[in-house]
């Protein structure tokens, strides 16, 4: 019978909380541009639905799902779409991505979407 290895009690690296315990939480400013990959998973990249020059608000859809394993991609900040091109992806390859020039002085509040008669909507 093979020996069963056990890993008891988990890993407990030093948390170094004393470095930040007395520091308050603060909001980090938005960068001047963001690059959002249209491939967020192992499946097919989202199909872009914006074009260079389009203005987008935070939460607007940039790419729609385009296949069996695909997911929509939304803007994380308001700004202007600069281009849609191949950019380095975290997995080491190049993947299509949307580059947005961020409106750094915008309040970056998500657009309010009011759905009239939401109780009457069907599950679809």
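Residue numbers (the working numbering): 485 to 608.
Every residue gets a Cβ at the ideal spot worked out from N, C-alpha and C, and that includes glycine.
- Residue 507 has its alpha-carbon roughly 10 angstroms from the corresponding atom of residue 501.
- With 16 or more other Cβ atoms from the protein chains shown falling within 10 Å of its own Cβ, residue 530 counts as buried.
- Inter-residue distance for residue 566 and residue 588 is about 15 angstroms (C-alpha atoms, whole angstroms).
- Residue environment: residue 503 is assigned as exposed (fewer than 16 neighbouring CB atoms within 10 Å of its CB, all protein chains considered).
- Within the model, the alpha-carbon separation for residue 578 versus residue 526 is close to 13 angstroms.
- With respect to residue 584, residue 541 sits apart: the two C-beta atoms are not nearer than 8 angstroms.
- The beta carbon of residue 595 sits closer than 8 angstroms to the beta carbons of 541, 542, 543 and 544 from its chain, once the five residues preceding and following it are set aside; these are given in chain order.
- DSSP, reduced to helix, strand and coil, places residue 502 within a helical segment of the structure shown.
- Between the beta-carbon of residue 547 and that of residue 536 there is about 14 angstroms, and that puts the pair past the 8 angstroms contact cut.
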